[in-house]
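Residue numbers (our numbering), protein chains in the order written: chain B, 53 to 304; chain E, -15 to 318; chain C, 130 to 417; chain D, 186 to 589.
No residue lacks a Cβ here, since even glycine has one placed at the ideal position from N, Cα and C.
Predicted model only: the values in this text are computed from it and were never measured.
Only one structure is covered here, and it is reproduced in the block below.
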Amino acid sequence: MSDIILKTVGLYKQFGALSAVDHATIDFKQSEVHVIIGPNGAGKTTLINLLSGDLLPTGGTIHYKDQEITDLPPDQISLLGIGRSYQKTNIFPEFTCKENCWLAGQSRQGSSMKFFKAASRLKEVHVRAEKGLEMAGLTSQANTVASAMSYGEQRQLEIAMMLATEPDLLLLDEPLAGMGTEEATEVTKLIKKLSEDHTIILIEHDMDAVFAVADTLTVMVNGAVLETGTPEQIRASKAVQEAYLGDEDGDH
Amino acid sequence: MTQEKIMRFILIGFVAILAAGPLYLETYYTELFIHMMVLGIFAMSLDLLIGYTGLVSFGHAAFFGLAGYLLAIVTPETEPTAIWISLPVVLAGCAIAAAVIGWFSVRTSGIYFIMITLAFAQMFFYYFNENNDLGGSDGMFISNKPLVGWGDFQFLDLENTTSLYYLVFAGLLASYFLLRTILNAPFGQVIKGIKANEHRTKALGYNTQNYKLVVFIIAGTMAGFAGFLEAASSGIVSPGNLHWHHSGIVIMLVILGGMGTLYGAVFGAFILTLLQDKYTGMVELMPDFMSGMADHWHLFQGIFIILVVLLVPNGAVSLLAKISQALGKKEDAK
Amino acid sequence: MDFSTFLIQVLNGFQYGFLLFLVASGLTLVFGIMGIINLAHGAFYMLGAYLTYWLIGYTGNLFLAILGGILIMAVLGYLIERLAISYLYDRDHLHQVLLTYGLILIIDDLQKILWGTDFYSVPVPEILAGGIQMTENQEYPIYRLFISVVCMILAAGLYVLINKTKLGMMIRAGASNREMSQALGIDISKIFAIVFSLGVTLAAFSGMIGSPISSVFPGMGSEILIVSFVVVVVGGIGSVKGAFVGAMIIGLADTFGTVLLPEFASVVVYAVMAIVLLWRPQGLFGQT
Amino acid sequence: MTKKVSDNSRRQFLGGVAATAGVAAASSFVPTKFAIAGKAPVKVGILLPYSGTYAMLGNSITNAMKMRLEQAGGMLGGRPIKYIGVDSEMSVPKAAPNTKKLIDKEKVDFLVGPVHSGIAAAMAKIVGKRKTPIMIVPNAGSNAVTGPLCAPNIFRCSFSNWQPAFPGGKLMADEGHKTAITISWKYGAGIQMMAAGTESFEANGGKVIKDIQVPFPKVEFQAFLSDIAALKPDAVFAFFSGGGAVKFVKDYAAAGLKENIPLYGPGFLTEGVSAAQGAAAEGIKTTLHYSADLDNAANQKFRTDYTKAYGKGPNVFSVQGFDTASLMLQAAAAVQGDMGATGDVITAMENAVFLDSPRGQWKMSKAHNPIQNIYLRQVQGGKQKLLGIAAEALEDPAKGCKLA
């Protein structure tokens, strides 16, 4: 099937005796927003880490477009057009917003092993960095040092940096975590907008946001894939309700 | 005046003082200044690693010392070797050494990086220390200074202290501007990113190991350049130049001056050398030198270092910055 | 090299390894648990040897001298941690390296003020004097074998301390997660003070117990320091077990390096370290 | 256990000054008519180790030199003395800057130093190119200093590495040993001494079966000792000094080798450290240009004065310091303090006589190195016992020196 952009086959990751990701086989379709949900410790973040190359799998394979990327390091995966944001804010704290996005944008400029040309003369990088900032709504903060911004803004910066790398596929690990309602709404809108021309794999706990954006849902429990389907299918699934959604609803 | 302008003013003043050096300095101080400028280049090259890339190398002296030995090896006893030949050979040798050491070292990080660079430097140290053909622990002499010229035509006579001074001065400025350029280039952005957050830099699509290796080679080669100048000016090379104490001292210069500014490293070299020249190593022998505390200058050096670490962690440049900030505010108030 | 010589050299290698372990054990604890690169470790080793020399003049007994020396060094270590090192936990490794470098200079000079620049030695106690005949013309000094036994007891003791006691548990908790252990109500600063004091005492103890076979002289700590670092890094930072294995490897490498490759005797040790790190960048027993 | 005596406590030092002052008053050696206060001082630069492993050597030399000058009224050629001391830190890279500091900045008349052979070469290289100052080596034995690097203004009051070692090789052969192993630290002094010992041992029918070079400053000898035991030579010829000498001699005895394979070497092996070595050093025969029990009046006076001043006995290094001072005194006296008359100063130094030298009389060779007796000594009861003269008025071959 040509509209599958990324797939994992029997992917698993062992930490000592614990199977963090347990033989997960998932297809991610082009242009969809594919949300992965599950209780804490279900292995969602580990899965993202495997996809982005931050972790090497114990077994199984990962395919992106026509290529196997199972053992590729994060930098090469990024260059293939897979961008990611982190659950725990992962930025350059002592850089300004613009500089954060600058470094992201510069990575698409071919090799940066250039020693004599001033970086500031790379016009395309300006464009990318500013576009990233603009899309994430941070244009006014361009010259603020990242560590001086609020937590929510740092989360936005996280996304802005990812966008500055102009990825095709976005791996978003709880982008709404720690955000206020207003910011969360903004970011949800942004994800919606991004979904128009990007494939998105999203981990999120905020169920309102999840159902607002999801095309496909995968439920993970204890590292294994419990079920994959449309939001309606998942809502209707008995197994999911028992294992997860039911409890979650009960909490509300 | 803004803080930045004041800093620039200070720097230009500093360069002017250096440029006029031989006009007002006695021979001894001219040579001391040469030594300090060489140390400044050496310290800047380490600042590139420590202050900009976040790689704490505890074996940087290996390149400094290796360069001296290479110069000694390519200089025959009977005649000088043209600088056009010896310098490239020395720099290439240091670059290769840095590539090999770097290839091993950049795989590690943190404390392990510190220790593995130390280990490699120690290997080099012991190699030269125990190689009788290269003078063993006593070191070797370089009988002839590099020839700046072609055949019989001599463009600069390095036996002349003033000529040597300006060669080293030019080397200092060139090194500074070269590093500035590199730091402003795309490459510089990446290594700063590595220092700030290596993991994120990698996730953005940079093969950080390659960048670290390249920066290690650049720093090692520049340390070699400093070592070349040192050996050319002093005419003697010895394993002491590769000793871990020497690596430790250059780290101290960088911290004392202020990391991540380049010129801070040069200030560090000047401040420490001048202090040492004035106060340390001198043992007052009369009337009763043994009771005089000057004999215990190591004690004071140790206390000085600890006080600097505890009280001025960001180095002399941070003090200057504070002063110029205060001045800037005063100006604003007017 | 015939077989009996080979065996004796193996024994020499282990023997040297035991000495190295004594020094490296304290280094690896401070290194691993506190993240401090203690360059002054060798200086404390030297201080231990001088203290033994000094105290034996009063007590006339090596073991009493060692006991007294341990008390002095434990207090000294505690004070140094409180007065200087405790201010540097949030700082870069660099500042710690530099601070301990300053300590070396101070300790070296204090040694000069207190004991002068002469060379001394400490006699081997009567009951441990003499040697065991190995070959027709070589004996093995009993005191060296005694040190090996002490070293093994110490290794076992450290293992029990770290893995089986409450203090050890708190130490391990502090090493793996400072914030969490603070949340659990463990006074991390107190733990660090104890660990540093322990590290200093171990360094000094190795200088003390080794003083009868090493002479006592200025600068004796600087050579052993770097070799100990190699041991720690080969074994894996923070691992006492690693330090033990690393010490044996380095002891053997050094012994056979000096005999078989005299031209590169000192290079061998560092080459071994480079190879180990290439294979396992975190050392043999280090955690990533 | 010897009771440790601090070599730098203030109280003892002051006592020492009083003692030496008394001695000075009694001495009539001073040309008092030139001792006019207010004259510009003669500058004596000193580059010796005052920290680290060899600080003891630096202190011993300085103490004796100072004592000798004090005895002569604290004047050089009628001018007061200004001392400028620099701690050499045993660092070769610092040798050149330190030397230039003393010459160019402090403009010293005499440059006394160093202990380390590598530093000596670096200093000689600088000093030899100039007419002034006059350099006097109070210890470093590097053959090169009075060999290829020799110069009119460079003198040595100690020894060349060749000197104390050369008779040692012959001694071993004379005592009936056919094979030997040489062992020393792998640095200039060790290598040169082993070469000299080997030269004379083999010239007298012996054979050196292995030359073991221990990386400097390593003091872990066990593996080498096993190697020696396995090779079973008739004798071992060793050079170590200071802490290394203490440890080597003790380890050698503890390995049970001393009874089977006698140990020889240049005298540094037991000089100034035999107390620390204790029983392990008992019976070791060495050759050196000094022995503590030399039966001459100058030596007895020297030992009494020194012990009184510094609270402990002198050693060969102090003897060298003492003679360095004698040489300066004679040079300055000859030109009546006019240190600018370099030619006359040098002539005076070349013709200097050391009547009051504790090591017995000696004179300068053409290469400016002592022509001196090398004594055969043995450690007996923890002390050096003079057995005889191993080589009389031995002169260094001064290979490569243009003055010789």
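Discussion item. Less than 8 Å between CB atoms is the rule here; does residue 359(C) satisfy it with respect to chain E?
Written reply: For the purposes of this step, residue 359(C) is taken as residue 230 along the third sequence, with counting starting at 1. Taking Cβ atoms only, chain E reaches closer than 8 Å to residue 359(C), which makes this a yes.
Discussion item. Using DSSP's beta-bridge definition, name the partner residues of residue 247(E).
Written reply: Translated into the one-based positions of the second sequence, residue 247(E) becomes position 263. According to DSSP, residue 247(E) bridges with nothing at all.
Worksheet item: Considering only C-alpha positions, which residue in the set 466(D), 544(D) and 562(D) is nearest to residue 482(D)?
Response: Along the fourth sequence, read from residue 1 onward, the residue named residue 482(D) stands at position 297. Selected option, being the one with the closest Cα: 544(D).
Discussion item. Suppose you measure from the CA of residue 452(D) to the CA of residue 237(D); what does that come to, to the nearest Å?
Written reply: Taking the first residue of the fourth sequence as position 1, residue 452(D) is located at position 267. Taking the first residue of the fourth sequence as position 1, residue 237(D) is located at position 52. Going by the C-alpha atoms only, they are around 22 Å apart.
Worksheet item: Helix or strand or just coil, what does DSSP make of residue 302(E)?
Response: Here residue 302(E) refers to the residue found at position 318 of the second sequence. Here residue 302(E) sits in helix by DSSP.
Worksheet entry | Within-8 Å CB hit, residue 98(E) to chain C | Along the second sequence, one-based indexing puts residue 98(E) at 114. Cβ-Cβ to chain C under 8 Å: yes for residue 98(E).
Worksheet item: List, in order along the chain, the chain E residues whose C-beta lies closer than 8 Å to that of residue 213(C)?
Response: If you number the third sequence from 1, residue 213(C) lands on position 84. Neighbours of residue 213(C) on chain E, chain order: 290 and 294.
Worksheet item: Are the C-beta atoms of residue 388(C) and some chain F residue less than 8 Å apart?
Response: Checking the listed chains, one finds no chain F in this structure; the protein chains it contains are B, E, C and D.
Worksheet item: Does the region 334 to 347 of chain C come close enough to the region 93 to 102 of chain E that 3 or more CB-CB pairs lie under 8 Å?
Response: no
Worksheet entry | For residue 38(E) and residue 243(E), the rounded distance between their alpha carbons | Walking along the second sequence from the start, residue 243(E) turns up at place 259. Walking along the second sequence from the start, residue 38(E) turns up at place 54. Cα to Cα, the separation comes out at about 10 Å.
Item to complete: Note down, in chain order, each residue of its chain lying with its Cβ closer than 8 Å to the Cβ of residue 177(C), except the 5 sequence neighbours on either side.
Response: Counting from 1 along the third sequence, the entry for residue 177(C) is found at position 48. Same-chain partners within the cutoff: 198, 202, 332, 333, 334, 335, 336, 337 and 340.
Fill in: Members of the region 224 to 243 of chain D near chain C, C-beta cut-off 7 Å
236, 237, 238, 240 and 241
Practice prompt. Output the residue ranges of the beta strand (DSSP E) runs that lie fully inside the region 217 to 298 of chain B and measure 3 residues or longer, sorted by chain position.
Written response: 221 to 225, 251 to 255, 268 to 273 and 276 to 281
Worksheet item: Beta-carbon of residue 40(E) versus every beta-carbon of chain C: anything under 8 Å?
Response: Residue 40(E) sits at position 56 when you count from the first residue of the second sequence. For residue 40(E), the closest Cβ of chain C is nearer than 8 Å.
Worksheet item: Identify the residues that DSSP records as bridge partners of residue 432(D): which are they?
Response: On the fourth sequence, position 247 is the one that residue 432(D) refers to. Answer is none; residue 432(D) lacks a bridge partner.
Fill in: Alpha-carbon spacing of residue 183(B) relative to residue 232(C), whole angstroms
Against the first sequence, residue 183(B) aligns to sequence position 131. Against the third sequence, residue 232(C) aligns to sequence position 103. Distance between the alpha carbons of residue 183(B) and residue 232(C): 53 Å.
Worksheet item: Rounded to the nearest angstrom, how far is the Cβ of residue 308(D) from that of residue 507(D), given a contact under 8 Å?
Response: Start at 1 with the first residue of the fourth sequence, and residue 308(D) comes out as number 123. Start at 1 with the first residue of the fourth sequence, and residue 507(D) comes out as number 322. Cβ atoms of residue 308(D) and residue 507(D) stay farther apart than 8 Å, at about 21 Å.
Worksheet item: residue 332(D): which of 353(D), 349(D), 460(D) and 305(D) sits nearest, CA to CA?
Response: As a working mapping, residue 332(D) is identified with position 147 in the fourth sequence. It is 305(D) whose Cα lies nearest to the Cα of residue 332(D).
Discussion item. Please identify, using Cβ separations under 9 Å, the residues of the region 220 to 238 of chain C that lie next to chain E, in order along the chain.
Written reply: Residues passing the 9 Å Cβ filter: 220, 221, 222, 223, 224, 225, 226, 227, 228, 230, 231, 232, 233, 234, 235, 236, 237 and 238.
Worksheet item: Alpha carbon to alpha carbon, what distance is there between residue 168(E) and residue 335(D)?
Response: For this step, residue 335(D) is matched to residue 150 along the fourth sequence. For this step, residue 168(E) is matched to residue 184 along the second sequence. For residue 335(D) and residue 168(E), the distance between alpha carbons rounds to 54 Å.
Item to complete: Take residue 541(D) and list the residues in its own chain whose beta-carbon comes closer than 6 Å to its own, dropping the five residues that flank it on each side.
Response: Residue numbering aside, residue 541(D) sits at position 356 when the fourth sequence is read from its first letter. Contacts found: 483.
Worksheet entry | residue 79(B) - containing beta strand (DSSP E), residue span | To locate residue 79(B), count along the first sequence from 1; it is residue 27. 70 to 81 is the span of the beta strand (DSSP E), which, as asked, contains residue 79(B).
Discussion item. Let me see if you follow: with CB-CB separation under 8 Å, is residue 98(B) close to chain E or not?
Written reply: For the purposes of this step, residue 98(B) is identified with residue 46 of the first sequence, where counting begins at 1. For residue 98(B), the answer is no, since every Cβ of chain E falls outside 8 Å of its Cβ.
Worksheet item: Relative to the C-alpha of residue 51(B), which residue among 214(B), 218(B), 189(B) and 90(B) is closest?
Response: There is no way to answer for residue 51(B), as the model of chain B reaches only from 53 to 304.
Worksheet item: When you compare only the Cα positions, how much space is there between residue 533(D) and residue 118(E)?
Response: Locating residue 533(D) in the fourth sequence gives position 348, counting from the first residue. Locating residue 118(E) in the second sequence gives position 134, counting from the first residue. Residue 533(D) and residue 118(E): Cα-Cα distance of roughly 38 Å.
Item to complete: Give the residues of chain E in contact with residue 276(D), contact being defined as C-beta atoms less than 7 Å apart.
Response: Translated into the one-based positions of the fourth sequence, residue 276(D) becomes position 91. By Cβ distance, chain E contributes 224.
Practice prompt. Show which residues of chain B have a CB atom less than 8 Å away from the CB atom of residue 181(E).
Written response: Residue mapping note: residue 181(E) aligns to position 197 of the second sequence, counting from 1. Those are 142, 143, 144 and 145, listed as they occur along chain B.
Worksheet item: Does the beta-carbon of residue 268(D) have 16 or more other beta-carbons within 10 angstroms, so that it is buried, or is it exposed?
Response: On the fourth sequence, position 83 is the one that residue 268(D) refers to. With 16 or more Cβ atoms within 10 Å of its Cβ, residue 268(D) is classed as buried.
Item to complete: Go ahead and pull the three-state DSSP assignment for residue 67(B).
Response: Against the first sequence, residue 67(B) aligns to sequence position 15. Strand.
Worksheet entry | Range covered by the beta strand (DSSP E) that runs through residue 20(E) | For the purposes of this step, residue 20(E) is identified with residue 36 of the second sequence, where counting begins at 1. Element bounds for residue 20(E): not the beta strand (DSSP E) but the alpha helix (DSSP H), 11 to 31.
Fill in: Burial state of residue 281(C) (16 or more Cβ within 10 Å)
The residue you call residue 281(C) lines up with position 152 of the third sequence. When all chains shown are included, residue 281(C) counts as exposed.
Worksheet entry | Distance between residue 256(D) and residue 206(D) (C-alpha atoms, nearest Å) | The residue given as residue 206(D) occupies position 21 in the fourth sequence. The residue given as residue 256(D) occupies position 71 in the fourth sequence. Confidence at residue 206(D) is low in this model, with a pLDDT of 41, below 50, so the placement of that residue is unreliable and no value is reported for it.
Worksheet item: What number of angstroms, rounded off, separates the C-alpha of residue 2(E) from the C-alpha of residue 165(E)?
Response: Locating residue 2(E) in the second sequence gives position 18, counting from the first residue. Locating residue 165(E) in the second sequence gives position 181, counting from the first residue. The alpha-carbon atoms of residue 2(E) and residue 165(E) are separated by roughly 22 Å.
Fill in: Given residue 429(D) as reference, the closest of 408(D), 454(D) and 416(D) once Cα atoms are compared
If you number the fourth sequence from 1, residue 429(D) lands on position 244. Here the closest residue by C-alpha is 454(D).
Practice prompt. Identify, in the order they occur along the chain, each residue of the same chain with its Cβ nearer than 7 Å to the Cβ of residue 163(C), setting aside the five sequence neighbours on each side.
Written response: For the purposes of this step, residue 163(C) is identified with residue 34 of the third sequence, where counting begins at 1. Hits under 7 Å: 321, 324 and 325.
Worksheet item: Taking only beta-carbon atoms, is residue 395(C) less than 8 Å away from chain E?
Response: Position 266 of the third sequence, counted from the start, is the residue given in the question as residue 395(C). Taking Cβ atoms only, chain E reaches closer than 8 Å to residue 395(C), which makes this a yes.
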